[in-house]
Structure formats: structure tokens, C-alpha cells
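Peer 1:
Chains as they are written, first to last, in the working numbering: chain A, 1 to 291; chain B, 1001 to 1785; chain C, 2001 to 2156.
1) Given a threshold of 16 other Cβ atoms within 10 Å of its Cβ, counted over all protein chains shown, does residue 77 of chain A qualify as buried or as exposed?
2) Rounding to the nearest angstrom, what Cα-Cα distance links residue 1264 of chain B and residue 1123 of chain B in this structure?
3) Between residue 1099 of chain B and the rest of its own chain, which residues show a CB-CB distance below 6 Å, the 5 nearest in sequence each way excluded?
4) How far does the alpha helix (DSSP H) with residue 1566 of chain B in it extend, from its first residue to its last?
5) Going by DSSP in three states, residue 1627 of chain B sits in which element: helix, strand or coil?
6) Might you give, ordered along the chain, the residues of its own chain that have their beta carbon closer than 6 Å to the beta carbon of residue 1074 of chain B, omitting 5 neighbours on each side?
7) Any chance the stretch 1668–1679 of chain B sits against the stretch 1452–1468 of chain B, with 3 or more Cβ pairs inside 8 Å?
8) Can you find a C-beta in chain D that's less than 8 Å from the C-beta of residue 53 of chain A?
9) Cβ closer than 7 Å: which chain C residues qualify as neighbours of residue 1717 of chain B?
10) So the alpha helix (DSSP H) residue 1701 of chain B belongs to, where does it begin and stop?
11) Pull out every residue of the stretch 1681–1714 of chain B whose Cβ sits closer than 8 Å to any Cβ of chain A, in chain order.
12) Against chain A, with Cβ distances strictly below 8 Å, would residue 2120 of chain C count as a contact?
13) Under 8 Å, do residue 1204 of chain B and residue 1701 of chain B count as touching if we go by C-beta distance?
14) Taking 8 Å as the limit between beta carbons, can you name the residues of its chain near residue 43 of chain A, skipping five residues before and five after?
15) Starting from residue 1 of chain A, find everything on chain B with Cβ-Cβ shorter than 9 Å and list it in chain order.
16) Using the C-alpha atoms, what's the distance from residue 1141 of chain B back to residue 1334 of chain B?
17) What's the gap between the Cα of residue 1454 of chain B and the Cα of residue 1655 of chain B?
18) Sort B:1713, B:1739, B:1777, B:1784 by Cα distance to residue 2136 of chain C and report the nearest one.
19) Across which residues does DSSP place residue 2008 of chain C in a beta bridge pair?
20) In chain C, which residues lie less than 7 Å from residue 1152 of chain B when you measure between Cβ atoms?
21) Count the other CB atoms, across all protein chains shown, that sit within 10 Å of the CB of residue 209 of chain A; report buried if there are 16 or more and exposed otherwise.
22) Who are the near neighbours of residue 1536 of chain B in its chain, counting only those whose CB is closer than 8 Å to its CB and skipping five residues on each side?
23) If we ignore side chains and look at the alpha-carbon of each, how far apart do residue 1589 of chain B and residue 1736 of chain B end up?
24) With respect to 7 Å, is the separation between the Cβ of residue 1190 of chain B and the closest non-hydrogen atom of the ligand NAP below this value?
25) Taking residue 1227 of chain B as part of the alpha helix (DSSP H), name the residues at either end of that continuous run.
26) If we call anything under 8 Å between Cβ atoms a contact, is residue 1629 of chain B one with residue 1554 of chain B?
27) Return the residue from the list B:1353, B:1116, B:1464 that minimises the CA-CA distance to residue 1268 of chain B.
28) Would residue 252 of chain A count as contacting chain B if we go by Cβ distances under 8 Å?
29) Could you check what DSSP says for residue 48 of chain A in three-state terms: helix, strand or coil?
30) Strictly under 8 Å for the Cβ-Cβ distance: is residue 2131 of chain C near chain B by that measure?
31) So, is residue 1178 of chain B buried or exposed, given that buried needs 16 or more other C-beta atoms within 10 angstroms?
32) When you compare the CB positions of residue 197 of chain A and residue 168 of chain A, do they come within less than 8 Å of one another, or not?
33) DSSP state of residue 1656 of chain B, grouped into three classes?
34) What residues from chain A crowd round residue 1652 of chain B, counting only those whose CB sits closer than 8 Å?
35) Can you pull out the residues from the stretch 2053–2079 of chain C whose beta carbon lies closer than 9 Å to at least one beta carbon of chain A?
36) Thinking just about the alpha-carbon of each residue, which of B:1428, B:1543, B:1604, B:1430 is nearest to the one in residue 1492 of chain B?
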């Protein structure tokens, strides 16, 4: 388990990184925290010809309030999400979900941008981005910066809308405001494992009824998905245990997950419903408490 | 003083910190992967991607042409006899395994070529460039498929994939079943799980051409057997072969038998005349190092309405993988399941059928609690079912059928003679520790609020101190299973204890020093324990089967006793007093009752070596003795009680509490005993809930990384409370019984039973392990398909 | 793919190397600097045996390339063993039987060091969670957890 040979560049600025990446061509890969890429390289399941290491690009690590939300530099470490008061204040679900990523030694290196660009279908961060309705900024030397909305970002298993010459530079999460509550639920085989199924919900209340709801899931498809039918079903209704159950069934109805060695398709469908039910109840309670 | 008695001074039985710890904590301890030699080369294996195939051609030219490559060898380039098992049980077919495949591969991961390079990275580069053409053959991934009428054969000349089949009957099970009030039957597919030591396997071999000496450092539990095996398969003179097991990072049985890679690396060193090192990576360890445990077991019980178990009938089918593995054989699992099935219960009518079947999976080898683990688990599952059906408390039902204190020695129907024990008492104590009555109340109130708790009770008896008699009692043939120790007091009065058993973390350098210290009357720091090197240790079998404490402990006590007598004899001459009137304490030999009259052990030793006047006619003055010990069969016992919580909506089960009572006879060092028990239980928790080697239908292993093969971590293993009972063996030196495997043997059953108990309101149906969330939901019908 | 010259601080002393970019930090420490206390258990970032401190933070040295440590400060178990407070660490682990074969131990100690630096008065659950990224196959974790509890209590 030793990686194949590769060229290595450690640019000191984003401009330089974009330039190196453009020149290196399609065999190049961006190295962020390396907590997903390097295991694949050690197993020789990935063998990039050229690694462009972003760890020297200091400008990409900033976390700041911006545009009514939270802007997080791509190289911000996952461990900083757990400790940041700004994250806790603006997007609490993100702080909470971050603590479920691997183990703390992995989060000390793993980055927000790296997780989003890697697009593991069971990963926490792409699902939270989707649930929050956020977006990412990607940049290339040739075409400059562009925004990619969360629901456009992931295109399939470990596949994103990011072009080979582009670098994900920043993620933006809208602030959770008003009478809104969130919840994050996950089932994993062991503490710190990738989720078998995870669910993130945001419920916004208008008086006693649901004004709008977002239900996002991981581990149930080739990418993080929203359960649109269930979202629609609960909108305009008063939150209740029965409604959550109803939504859970609707979620099960709209999913056809693929099974793997850890859990079957049937399991993922069933438990997606369970977690959505729990997540809706918790999010509604938080919304009621916050309003 | 009888030879069976050992002196109990301040060391034996004390909670002594380990002398091993400082070097390990400082990162100074050297494992095979830490050893380097000048001009050392690195080996990497090319392994079959197919479960079953013919090798049609191998092209090594691209790999050989790469810079930094010293050699690329295929199976036909290697002159070595194939490896085979050493089990002399009639009817067992032999399946010789070439150390590198020549024309046929029988499991994914079987080596087909080996690359030697100046750098391990480059070795892997070149391994990827070896071109092997295969003609794929149909793969069989279950015993059912391999036993089918049209099943393709793994060994054409055997005519069947079943390499062993036999039936044994004890008492009259037919009559017992016919006269029973009720009969019960259960079938279980025990999961394939693996030792997964933190240190993978590794070998470093060095051949000095001029002297003709071959040294092989290997992460191995049985260096003497490794040496003898290498000598045999390589036709290399044993007197010039040295095998060394340096610090070994866990073995748990996987590192007992000689693996093909050990032969290959030794061969490479011989051929190339340069040191060659191979360090297994984790993927290889999960792919190609011996797997363990997988069996399909059916068990029936005949029971009276009053809860008396009249008889058992079992059928244990071992899934052996591609070869009946070197040394241990395909029987390592099903035979031991079958023969110990009655366990702690007084069942004298029993019939078993044992089959061992080849499949296209990694060969099965020994792993802590061989065979006993799945057999124990299914028996305890069946007993829970019976208790529930009869409306009896599961603890009381078990105790009603157990061998009682007054019945030892008790001869089990298969032939084991339980020398002593505390079967019933250990259950009582474990239940008391867990608070059984309170738990039942808590369980009821928790259930009312939708929280599902369960308890599992798992009493065990474990054959320990595996000597020839124990081997005879378990395996029907007296596997020559003994060990030796040499105890030497040097002229300065300091002590060296040389052992033939090896350590993989069990703390031998501490426990055996404790025995020697009390026998010789010296302090621990006066003693050095050496082991794991065939040049400096006496011959012996090594470490496996919970035997080291009994056999090495016994041989150290015997040898140290003999040396003590020599010291006393010499001191008697010097002090002009009868040796019997002398004693040794804190390295001082003195007259009993007159501590002022004496001399230091160093002075006595000095004189014994260099003053001819101390010598006595007919006595060997050398302050050294080597003693052989092949103990009588002895059995440890105990009971594990586990409490779990199951989320019946997600299927997630978590062990909340665990209590264990261990009776291993005389306890040498309670801290080490507790450590062994807890570590083994963690592995049992793994086997119950997390660990499983999974294959696809085409024989592709799907669990070759630590992301897919799930070992329990500190968040999955609860704090484990350990209680001790001591029923010293009347048959062994010091009453030592040994232990180490029981935690794994019994914990899987305890946890599985606890999950079933938690799911009781939902009538769970469980036939396969481990109890993953998926399997839990399936068992209660929440999902299907 | 040429080699790169690197300079970093390892256990307080300057260390130089000429490495292929693909050389992992773990291999650089073990093979090039002969600091073999750091162990490899899975080379996938799961088992934690290779845990070292990189600029004071616990990281997996099997998932870092040596070239990435250019200019950084790395502490391995050998550095820890030379530190002032190692005696307390050693005593706690030995007294509580927090190791058996010892192969995972260097990684466990580095995690423990990081935990002691970041958490004050952690609960047993917090300790267990912090240790969950270090797999031990021998001890069942009991002795490790007890040792860390003792150390955190002494620190509080």
C-alpha cells in the first residue's frame, strides 16, 4: 500500500495553483486535506500524475459571515467547524454534523472543500450544503470564478460539476433564520464511520404550520438527495408525530437506494424514513422553541 | 514439596506492572517492520484477482526491466515443497499448497509471483507490471455450493471438495431424543472473522553465504515450528537456520502456522544472497492471511419438561477456504466446535457430524477460541430458546444442567475430563456483578418507554494448557504439545529464564519472571526473560491455545526449583549446614530462622562456579536447569454477562455493560489476566456485532480495508468488570490453568443472546452473524427482500 | 519524478531529507530518520497507529506526504518519550495495563497527548470518543481509558 509516483506542486497562492492546475492537464488532482484521496492513492485506486497541494494557499482557510450567511474557505479544516462560534451561531447543523466526520485526527486535516469536492454519497458535508441550500465557488484560470448551487454540485458517485482545471475555493451556507429549526440524524456501524444513512432537515414555521421544509439524505443514492415529495407533503401542515410518520413513509416511497456490504437497499430505504421522522420532529421542536 | 506445588512469595499472584512496558511506551521496542539490514531488499507479492482460475501464462519481463528491480519469481522459479497440514486424523485429505501458485489459484489473494526491489514503493510499482493471464473457473463461495453434485473440484484428484467427514456417537442420543418431552433445533452460519493483529505479518530473512547461516525474523508465534518447517520445505539444514520472533504486535493464532510468504522470503534471501524484507500491508492481511471461524452449524437438543437436557446432536460444517491450511488443517474450526459442544452442561448423550469443505475463499486458520466460538454461540442461542419455551429463567435453566462443584473431576461424554471448576458459582457471581434482578426490572420499565434492553448469559469451559493429554481429549490424537524452559543463575547471582513460548503482548517477561522470582527468592529486576529466538531458547511449541501460563509456567517453576536446590546445595557446603535448613529471600541465602547467618546469592553463585570446594560428588554444579513439561489436561471456566441496547427502528445495537467472572486456577498476575479477558471480550463483541469478511458471489472479498472490516473501537467496547474465582487445578504445576481465549469464545454468545433478549417482543429470527443493523431489522421483519 | 529536498523540525531538532513526492511522512520518519516508534497499521487513516503531532495537532502520518511537512514541526513518540511529562504518561499506562503488544501504543500516546492539550476535565464518554480513532486489538480499551482518566484527573 504505497502510492504510485506523481509530480508535486505546492503553490503559495490561488493564482499560482490555478495556473499549475491548468498546465498540468487532466492527470492532475488537487490535494486538500488528503484524508480521502491519499487512502485511495495508497491502495492505488487513484493514481494522479500530478498533485497540486493547496495547503500552502493561506487565503483559502477563512471562515466569515458574508451575504447573509457563512462563507467557509475550501481549506478550512473540518475540526475548526466544531470549534467556531460563528459556525455554531449561523449554521448550527454544520457544526453538529462536522463532529460526525471520521475521527478528530482526520478532521484536523480534512477540509470543507475537500469533502465537498470528493462527493462521497454518504458524507455529511455535501448533505448539509444541500439541506441548507448553499453553494460553492469554483475557479479556473481560463474562466475565472463561478458559483455552483448545492443541488447542481454532485453529479453521481464521487463525481461533481467541478471541471478538471477548476478549484473549489469556498462554500457558502445561508444563515438559519426566523422560526426555523434544524436536525441532523445519522446511523453508522461504529462511531466515526461513514453513515449508513444520514438525514438533515430544516423546518420553518409560520405560526403553527410548516411554511417550508427541506429534507436531505445521504447514503440512499449516488449523491445526497432531497426528498421532494415528503417536503411537499408536510408543507402547510401542523407538525405532529403522525405527520412525521407520514413524511417518513413518503420518503421511503421516493427512494431506491443501492445496497453495499454494510447495509442493503431495503435497510437504507427503511431507515431513511426512520431518520427523517426523527429529524422532522426534532427540527420542528427547535423551530417552535426558537420562534 | 511436591513438584506440583510452587512457592507463593510476594510475586506470584501480585498485580505487578509489566517489565515490557517502558520500551513499548517509549517507541523503542523493535518489531520486524523496524528491523533493517545493510543491502536489504524489499519483496512485494503479485496476487490473484480471481477466486478460481488456471494460470495460463505469466510475463515478468516488463517488471524485470524496471529500474531498481532485483528479481521477479513465479511459482515455477521457486524450489520448495508445498505446505500441508500436520494433522494425523484418519480420513483427512491433504491439499498441498504451493508457496506461490504454479498452475491454479483457489482464492483471491493467493500469491502468483513475487517481486524484489531496492525500495518497497518500487516493488509495488513492478508488481503491478507483472502480466498474468488466467482462465477463470467457476468459484464456490459457500459450503453448500461446494458440496453440490455438480460442484467443480478444487483438487481434481480428491474427487470431492469435502476433505473430511465423520460422525461420532456418545451415550445413546437416539433413545434420548425418542424419549424427550421436547426437541429443539437451530441452524446458524457463523461469520468469517479474522484475528487482525495491529501488526500485520512481516518477514526479514538474511543468508550469510560464507557461514551458510540463514536467519529469519518473522512476526510468528511458533519460531521453532517455523524453523523446522522452513528446514523441511526448503531442504535447508536446520542447524544453520535461526528463526526469531522479535516484538510481535498481536497474533491471536493467525501467526501460529507457517504462511507461504515466510517460506518465499527465506527462499529469496537464499537465492539472492541479500537480506529481503516483506511487510504485509493491511489489505494483504485481510485478503491473504489466514481467515477464521466460518462454519454452518446445526444443533438439536432433547429436553425434558422439567428443563433437563438429555442429549445434543450437532452437524458442524467448516468452510475451509481454498486449502486445508498448513499445519492446522480444515478441521481447526468444525472439529473443535463439535467436540466441545456439551461445554459446561451435563449432557452424556451426544452425536456429532463434522465436515470440512473447500471453497474459493482464503484458507481458514487458527484464531483465538478456534471452533469453540461459533459452537458456543449457537449452543447458548439454543439454550435461550429452550428456557424461554419452558418458561424458565435462562440463568436457572443453565445452572440446573451444569456440572456441580461436587462432581469434579467430571468426564464429559466426548472425553474431556474437567479437573476442577466453578461452573455454577461463576454464573452466580457474574449475575451478582451485573445486578440481574435489578436489570430485569429496569428492562421492563425501559421497554415501556420504547427502549429495548437485553441481557445475555454465557458460561464457558475452556481447554487450556494444551499439552498432549489435552490434545488427545480434544482432537483424538496426542498432538505432541509440550514446552521447555531453562533457568540459569549466573556467577553474579542474576537470573536468565529462557522460554520456548513466545509473547505477542501477553506479558510473559513479567509473569514468568514472577514465578522464577518466588521460586529462587530473588527480585523481579534480578531476572531477564529471553524468548522468541531459536538460537537462545530451548525447543518448544510456542504460544497458542491458552497454554503458555500452564506449560511455560510449569516448566519455569520446575527448572527454577531445580536450580534453587543447586544453590542451596552449594550454600550448604559453604555454610557447613544441611541444604534443607537453608532458604533464599531477596537474593540472600540464609539459615531458616536465623536470617543473620547466610550469604548473598551472588557470593554463593560465584563460589558455585569458581570454587571447586563447593562441588559435591555426583551432582552437577552448573546453576542451570532445563525442564520439559507436558501437563495433564486442565480446563478454565467462567461466565460472561452482557447487557445491550437495541434501537429497534434503526437496528443499531450497542453493548452497554459487561461483567465477566474468570476462573483460571492460580492467578499469576491479576492485572494481566484481566487484560487478556477484556481484550478477548472486545474481539467477541466484534464477532457479535461488527466483524465479518464478506465475499461477492464470484468470490471477490469485499472487506479488504479497515473501513469495511470493522474492528470495535473505544466507543463500541464498554468498561468491562472482571471478577475472579480461583479453582486451582489439582493436576498442573502450581494449579495454573491458563486462559486467554475464553473471552472471545463466550462473549460473542453473550452479546448475541443479549440482542435476542432485547428483541424478544418481536420474535427475532437469527441465522447469521454478525448482528449488523441490517440483520437486526431483518430478524424482526422490519425489512425483507 | 525527481526528489525534493525538505527541511523540517522533528522532535525539536532539524531534519533534512531528499524524498520522492510520494513518500509518506510515516515512511520518511520510520525509514529515513529511523524513528521507528511511529507504526503503520492500515495506511488508510483508520487505525491511528501512525498518529503524530504536526505543528501540535494530532494527524495521520500515513496520509501526509513528507514533502507536505516542509517547514513544519513534527513530534513522534520518541519526542514524547524525551519530554518532561512523559514519566506521568508512562506510569499511567503501565499502572492501568493500557497496553499489551504495544504496537498501537505510540499512536495512542500521541492521541492522548493531543487530548490532554485540548480537553480539560473530559468525561469518560469524551475520552472514549477521542480515543476511538486509535484501534487496539489487545486491551479492549479498558486500561487505555483508565490511564487517560487518571491523567486528565491529575491535570484538572
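Where is the CB? At the ideal position from N, CA and C, for every residue including glycine.
Peer 2: On the basis of the coordinates in this document:
1) Label assigned to residue 77 of chain A: buried.
2) Rounded to whole angstroms, residue 1264 of chain B to residue 1123 of chain B spans 15 Å at the Cα level.
3) Excluding residues within five positions, the ones whose Cβ falls inside 6 Å are 1080, 1260, 1263, 1264.
4) Element bounds for residue 1566 of chain B: 1548–1575.
5) It is a strand residue.
6) 1058, 1113.
7) The stretch 1668–1679 of chain B is not in contact with the stretch 1452–1468 of chain B.
8) No chain D is part of this structure, whose protein chains are labelled A, B and C.
9) For residue 1717 of chain B, the C-beta contacts it makes with chain C under 7 Å involve 2140, 2141, in order along the chain.
10) No alpha helix (DSSP H) holds residue 1701 of chain B; DSSP gives it neither H nor E.
11) Within the stretch 1681–1714 of chain B, 1690, 1694, 1702, 1703, 1705, 1707, 1708, 1710, 1712, 1713 place their CB atoms closer than 8 Å to a CB of chain A, listed in sequence order.
12) No Cβ of chain A is located within less than 8 Å of the beta carbon of residue 2120 of chain C.
13) Contact: no.
14) The beta carbon of residue 43 of chain A sits closer than 8 Å to those of 1, all from its chain and outside the five residues before and after it, given in chain order.
15) Within chain B, the residues 1124, 1281, 1282, 1283, 1284 have their CB atoms less than 9 Å from the CB of residue 1 of chain A, given in chain order.
16) Using only the alpha carbons, I get a separation of about 17 Å.
17) Cα to Cα, the separation comes out at about 10 Å.
18) The shortest C-alpha separation from residue 2136 of chain C is found at B:1713.
19) Per DSSP, C:2015.
20) Listed along the chain, the chain C residues whose CB falls inside 7 Å of the CB of residue 1152 of chain B amount to none; the nearest CB is some 35 Å away.
21) Counting Cβ neighbours within 10 Å, residue 209 of chain A comes out exposed, since fewer than 16 surround it.
22) Sequence-distant partners of residue 1536 of chain B (beyond 5 residues in either direction) whose C-beta falls short of 8 Å from its own C-beta, in its chain, are 1498, 1530.
23) A straight-line Cα-Cα distance of about 28 Å links residue 1589 of chain B and residue 1736 of chain B.
24) You won't find the ligand NAP in this model; it holds no ligand whatsoever.
25) In this chain, the alpha helix (DSSP H) harbouring residue 1227 of chain B covers 1223–1234.
26) Contact: yes.
27) The residue with the shortest Cα to Cα distance from residue 1268 of chain B is B:1116.
28) No, no contact with chain B.
29) In the three-state reduction of the DSSP assignment, residue 48 of chain A falls in the coil class.
30) Chain B contact via Cβ: present.
31) With fewer than 16 other CB atoms across the displayed protein chains lying within 10 angstroms of its CB, residue 1178 of chain B is exposed.
32) Not in contact: residue 197 of chain A and residue 168 of chain A (Cβ atoms no closer than 8 Å).
33) Residue state, collapsed to three classes: strand.
34) Within chain A, 187 have C-beta atoms less than 8 Å from the C-beta of residue 1652 of chain B, given in sequence order.
35) Those would be 2054, 2057, 2058, 2059, 2060, 2062, 2063, 2064, 2065, 2067, 2068, 2070, in chain order.
36) Taking only the C-alpha atoms, the option nearest residue 1492 of chain B is B:1604.
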